[in-house]
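Colleague: Residues in the sequence shown are numbered consecutively from 1, following the working numbering. Just so you know, even glycine gets a beta-carbon here, dropped at the ideal spot from N, CA and C. The structure follows.
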Amino acid sequence: MTPGLRRGVFVLCWLAIVGGALLFAAGAYTGYVEGVAADEGHTVGRLMPAEVAAFALGPVLAIAGVAVVAALHRSGAQATDTP
1 MTPGLRRGVF VLCWLAIVGG ALLFAAGAYT GYVEGVAADE GHTVGRLMPA EVAAFALGPV
61 LAIAGVAVVA ALHRSGAQAT DTP
C-alpha cells in the first residue's frame with residue numbers, strides 16, 4: 001500500500017472512531033433526556049429509532065475503525081521489519 005493511500009485510510013479510520021463515539025454519546029444523551037422527561041411527567045418514554053440506532057451502531061463503527069487501524073499498524077510494522 002502506498003504511503004499516501006495508507007495515510008488516507010488512517011484518516012478515514014480515525015474519523016470513523018470519532019464519529020462512532022459521537023454517535024454513541026448522542027444516542028445515550030437523547031435517550032437519557034427522553035427518560036428523564038418521561039419520569040418527570042409520569043408517562044411512558046418513547047425512544048425514536050434513530051436514537052436507538054445511534055446508540056447501537058456508534059460503538060460498532062468505532063470498533064471497526066480501531067480494528068482497521070490496528071491491522072494497518074501491524075502490517076506496516078511487519079513490512080518494515082523484514083529485509
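Below 8 Å CB to CB, which residues in the same chain sit around Arg46 once its five sequence neighbours on both sides are set aside?
Modeller: As a position in the sequence shown, residue 46 is number 46, starting the count at 1. Cβ neighbours of Arg46 beyond the five flanking positions: Glu34, Ala38.
Colleague: Is Trp14 buried or exposed, if buried means 16 or more other CB atoms sit within 10 Å of its CB?
Modeller: Taking the first residue of the sequence shown as position 1, residue 14 is located at position 14. Exposed, by the Cβ-count rule.
Colleague: Quick one: give me the first and last residue of the alpha helix (DSSP H) that Val36 is part of.
Modeller: Position 36 of the sequence shown holds residue 36. 3-41 is the span of the alpha helix (DSSP H), which, as asked, contains Val36.
Colleague: In angstroms with no decimal places, state the Cα-to-Cα distance between Val11 and Pro3.
Modeller: Position 11 of the sequence shown holds residue 11. Position 3 of the sequence shown holds residue 3. One C-alpha to the other measures close to 12 Å.
Colleague: Just the C-alpha distance for Arg6 and Ile63, rounded to the nearest angstrom, thanks.
Modeller: Numbered from its first residue, the sequence shown carries residue 6 at position 6. Numbered from its first residue, the sequence shown carries residue 63 at position 63. Approximately 19 Å, taken between the alpha carbons.
Colleague: Within 8 Å (strictly less), CB to CB, does Ala67 reach chain B?
Modeller: Within the model displayed, chain B is absent; a lone protein chain is all it includes.
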